[in-house]
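This report refers to the structure that appears directly beneath it.
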Amino acid sequence: MLKRAMMAGLNAGGVNVLDLEVASTPLTRFLVKTPRAVGGITIRLAHNDPRRVSIRFFDTSGIDMSEDVQRKVERLYQREDYRRVLPEEIGDISFPIHALEEYTEALRGIVDPEAIHARTFKLVIDYGYGPTSYAMPNVLANLQADVLGVNPYASTAGRLASDPKAAAERVSALVRTSGAHVGALLDPDGERLTIVDDEGEVLSDTEALLVFIELVREHLLGDRIVLPVNTTSRAVEIAARSRLTVVHTKISAPVLMTASTERGVGFAADGRGGFILPGFLPAFDAAAALVKLLDLLARTDRSLSEVRRSLPAVSMAQESVSTPWETKGTVMRTLVETADAPLELVDGVKALYPDGRWVLALPDPDAPVTQVWAEAATVAEAKSLAKEWAKRIRRVVR
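Spelled out as structure tokens, the structure:
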């Protein structure tokens with residue numbers, strides 16, 4: 073209903089619309105990159121609240137609009153400053169042909185099919201009741217993978233009733249009983265990927281990130297990896313083994329995506345299941361990440377569990393501190409003035425201690441809260457550091 077209303081509104085403003093009907097977010101982005109479109113819109117249920125709808129706008133590169141541009145759009149909307157056109161200038165609605173085929177063909181182009189054929193991968197994939205299930209079967213069939221698909225169709229009701237934790241446990245059990253090499257859960261939008269190794273171990277988002285960096289570092293098309301500023305330092309250590317540089321960005325999807333388009337960047341990730349292969353699409357794409365994972369495993373001839381066990385231990389902690397909107401600026405200034413270690417001010421206030429510990433304090437953009445992340449040699453030390461900075465913030469708030 074909302075989609076039809078928006079298309080009608082765009083037509084009324086003289087804009088022609090390409091209707092992809094039911095499509096994953098990456099497919100929408102992919103089509104926006106082609107000469108057929110100059111921008112894109114996707115309308116979906118919010119992940120954390122099915123009573124809310126998320127409307128996202130993409131620029132000509134298929135990247136989320138920056139926060140500044142989003143604010144401009146909101147101001148224009150509130151002022152009702154719309155484009156008015158004559159009747160003969162009203163836009164049309166059309167349905168692009170072969171969009172899905174172009175996307176799947178491009179997916180096959182980012183891997184070495186022969187290497188994957190030789191491994192004869194067996195997979196368990198939970199499509200999360202999302203439209204990625206329309207694209208992946210053809211791609212994986214061409215790669216000669218043996219696939220057990222779970223929830224392989226788009227269903228809003230199924231999505232609303234789904235429990236991510238239970239879904240991960242189900243895929244884990246199926247991997248163990250079927251002897252699969254890899255298990256995967258794709259979110260309904262097709263952007264985020266949860267990985268299960270061949271032993272049925274569900275990888276945390278941090279483990280999945282480090283697995284990718286460990287596998288991709290010897291095959292990277294570029295010399296830089298882009299990650300948010302709150303990512304574990306172990307990522308920097310792994311990248312350094314192949315003389316790769318990690319560039320930190322703000323904890324913002326549009327900023328991360330934009331940074332991934334810069335010269336020399338071969339991989340980017342947000343540390344929350346979102347992976348970017350800039351040569352394919354400068355945005356999160358779970359399907360692309362999954363087929364690339366198979367490609368990297370085939371090239372290295374290692375099992376996923378072997379790679380997981382080779383990872384360094386990560387000891388991080390997080391705290392949330394209630395912070396009234398009007399005191400957020402004061403909190404950040406006070407933390408800068410009272411810092412007891414060198415600072416990195418990419419996003420929020422990040423203190424880098426000589427012994428390798430770090431702590432980051434960042435105002436939440438959507439709630440009256442300040443988030444605190446910390447990393448140290450042990451979980452206990454990380455928790456202690458995070459709590460110490462949380463106390464500093466509470467002293468300012470009071």
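Going by our numbering, the first residue of the sequence shown is number 73, and it counts up by one from there. The C-beta atom is built at its ideal place from N, Cα and C for all residues, glycine as well. Predicted, not measured: the structure shown is a model, and the values here were computed from it.
(Q) Would the region 288–299 count as touching the region 318–329 if we require 3 or more Cβ pairs under 8 Å? (A) In short, these stretches touch, since the Cβ pair count reaches three.
Q | C-beta contact flag for Ser-205 and Tyr-225 at 9 Å | A | The answer is yes: Cβ separation under 9 Å.
Q.
Rounding to the nearest angstrom, what Cα-Cα distance links Leu-117 and Val-363 in this structure?
A. Straight-line Cα distance between these residues: approximately 26 Å.
Q. Tell me which same chain residues have a C-beta within less than 8 Å of the C-beta of Thr-399, skipping the five on either side of it?
A. The residues are Val-468, Val-469.
Q | beta strand (DSSP E) runs wholly inside the region 96–170, at least 3 long, in chain order | A | If we require 3 residues or more, the beta strand (DSSP E) runs fully inside the region 96–170 come out as 112–117, 125–130.
**Q.** Host alpha helix (DSSP H) of Lys-455 (start-end)
**A.** Residues 451–469.
(Q) Considering Cα atoms alone, identify which of Pro-122, Met-137, Pro-107 is closest to Phe-129. (A) Looking at Pro-122, Met-137, Pro-107, the one whose alpha-carbon comes closest to that of Phe-129 is Met-137.
Q: Taking Leu-92 as the reference, give the member of Leu-369, Ser-166, Val-444 with the closest Cα.
A: Closest by alpha carbon: Ser-166.
(Q) Quick check: what's the CA-CA separation for Arg-242 versus Asp-269? (A) Taking the straight line joining both Cα atoms gives about 13 Å.
Q. Taking the continuous alpha helix (DSSP H) assigned at Phe-284, which residues delimit it?
A. Run containing Phe-284: 277–288, per the alpha helix (DSSP H) assignment.
Q.
In the DSSP output, which residue or residues are listed as bridge partners for Gln-443?
A. For Gln-443, the beta-bridge partners assigned by DSSP are Ser-392, Leu-434.
Q: Look up Ala-340 in the DSSP assignment and say whether it is helix, strand or coil.
A: Note: Ala-340 maps to strand in three-state DSSP.
**Q.** Given 8 Å, three or more beta-carbon pairs between the region 456–464 and the region 350–366
**A.** Segment contact: the region 456–464 against the region 350–366, fewer than three CB-CB distances shorter than 8 Å; contact not assigned.
Q | C-alpha gap between Ala-77 and Ala-84, whole angstroms | A | Rounded to the nearest whole angstrom, the C-alpha separation of Ala-77 and Ala-84 is 11 Å.
Q.
Pull the bridge partners of Lys-422 from the DSSP assignment, please.
A. Under DSSP, Lys-422 forms a beta bridge with Glu-416, Leu-432.
(Q) Determine whether the beta carbon atoms of Ala-207 and Leu-99 lie at a separation below 9 Å. (A) Against a cut-off of 9 Å, the Cβ pair of Leu-99 and Ala-207 comes out as a contact.
Q) Closest to Gly-272 by CA distance: which of Glu-263, Ala-245, Asn-223 is it? A) Minimum Cα distance to Gly-272 is reached at Ala-245.
Q | Counted within 10 angstroms of its Cβ, other Cβ atoms place Arg-108 as buried (16 or more) or exposed | A | Arg-108 should be labelled exposed.
**Q.** Among Val-337, Val-288, Leu-424, the one whose alpha carbon lies nearest that of Arg-371
**A.** Checking every option, the nearest Cα to that of Arg-371 belongs to Val-288.
Q: Could you work out which residue in Gly-202, Ser-394, Ile-113, Thr-402 is closest to Gln-443 when comparing CA atoms only?
A: It is Ser-394 whose Cα lies nearest to the Cα of Gln-443.
**Q.** Nearest-angstrom Cα separation, counted from Leu-376 out to Val-369
**A.** The sequence given here has Leu at residue 369, not Val. Taking the straight line joining both Cα atoms gives about 7 Å.
Q: Quick one: give me the first and last residue of the alpha helix (DSSP H) that Thr-303 is part of.
A: Here Thr-303 belongs to no alpha helix (DSSP H), and DSSP marks it neither H nor E.
Q) For the 8 Å Cβ check, are there 3 or more pairs between the region 337–346 and the region 273–282? A) Pairwise C-beta distances place the region 337–346 in contact with the region 273–282, as three or more of them are shorter than 8 Å.
Q. Is it the case that the Cβ atoms of Pro-326 and Asp-419 are separated by a distance below 9 Å?
A. Taking a C-beta distance under 9 Å as the contact criterion, Pro-326 and Asp-419 do not qualify as a contact pair.
**Q.** Contacts around Ala-331, its chain only, beta-carbon distance under 6 Å, and the 5 residues preceding and following it disregarded
**A.** Hits under 6 Å: Val-298, Thr-321.
Q: Find out if the Cβ-Cβ distance for the pair Val-431, Ala-458 is shorter than 9 Å.
A: For Val-431 and Ala-458, yes; Cβs fall inside 9 Å.
Q. Could you give the distance in angstroms between the alpha-carbon of Arg-306 and the alpha-carbon of Ile-162?
A. Near 54 Å, if we compare the C-alpha coordinates of Ile-162 and Arg-306.
Q. Among Gly-81, Leu-366, Ala-454, which one has its Cα closest to the Cα of Asp-153?
A. When each option's Cα is compared against that of Asp-153, the closest is Gly-81.
(Q) By the DSSP assignment, the beta strand (DSSP E) with His-320 in it spans what residues? (A) In the DSSP assignment, His-320 falls within the beta strand (DSSP E) that extends over 317–321.
Q. Val-247 by DSSP, collapsed to three states: which one?
A. Collapsing the DSSP output to three states places Val-247 in a helix.
(Q) Among the candidates Ala-187, Trp-445, Asp-438, whose CA atom is the shortest distance from the CA of Met-388? (A) For the options Ala-187, Trp-445, Asp-438, the alpha carbon positioned closest to that of Met-388 is the one of Trp-445.
Q. What do you get for Ala-256, buried or exposed, if any count of 16 or more other CB atoms within 10 angstroms of its CB means buried?
A. Burial call: buried.
Q. Buried or exposed: Leu-172, going by 16 or more other Cβ atoms within 10 Å of its Cβ?
A. Under this definition Leu-172 is a buried residue.
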